[in-house]
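To start, the structure itself, in structure tokens.
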Amino acid sequence: MNSSFFSRRVFMIQALGVAGAGAALSESALAALPVKHVEETDETAVALGYKHDTTKVDSAKFPKHQPSQRCVDCGFFQGAATDEWAGCAMFGRKQIHANGWCNAWVKKPA
């Protein structure tokens, strides 16, 4: 085998190493960003009728709402049952309150 073959191999190995390090750095940089909570006044929150406290939901405006429905019991809730705040598929990188509710609520599968 000639030296150009080894040069390409070395280049590819180094390039993969640099790309992997870059991905790890960007992941840790994202993890270091401050966590933001959804505000009830956020555009998406208003559109979905999100409230931090399920007991504060206007049942006349959202007739499917039941007081027992909480974000922590929703299929879109991305945290543990013990988390006070966690991610939600509806709100991107912002976190919702476990006792909250929105019109996208769907029972978490058993």
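Each residue of the sequence shown is one higher than the one before, starting from 47 at the first, in the working numbering. For every residue, glycine included, the Cβ atom is placed at its ideal position computed from N, Cα and C. In this text, all values refer to a predicted model and were calculated from it rather than measured experimentally.
Which two residues bound the contiguous alpha helix (DSSP H) that contains residue i?
i	result
ALA91	89 to 94
Can you give me the C-alpha to C-alpha distance between residue i and residue j, rounded to a whole angstrom?
i	j	result
PRO155	CYS120	8 Å
GLN112	HIS83	23 Å
THR100	PRO80	25 Å
To which residues of the same chain is residue i closer than 6 Å at the C-beta, ignoring the five residues directly before and after it?
i	result
ASN158	Given that the chain is displayed from residue 47 to residue 156, the structure contains no residue 158 and the question cannot be resolved.
GLU89	none
PHE122	CYS134, ALA135, MET136
Taking the continuous beta strand (DSSP E) assigned at residue i, which residues delimit it?
i	result
HIS143	141 to 143
GLY121	Run containing GLY121: none; DSSP gives neither H nor E here.
ALA132	131 to 133
Which residues in the same chain have their Cβ closer than 8 Å to the Cβ of residue i, if we skip the five residues on either side of it in sequence?
i	result
ALA91	VAL84, GLU85, PHE137, CYS148
GLN124	ALA132, GLY133, CYS134, ALA135
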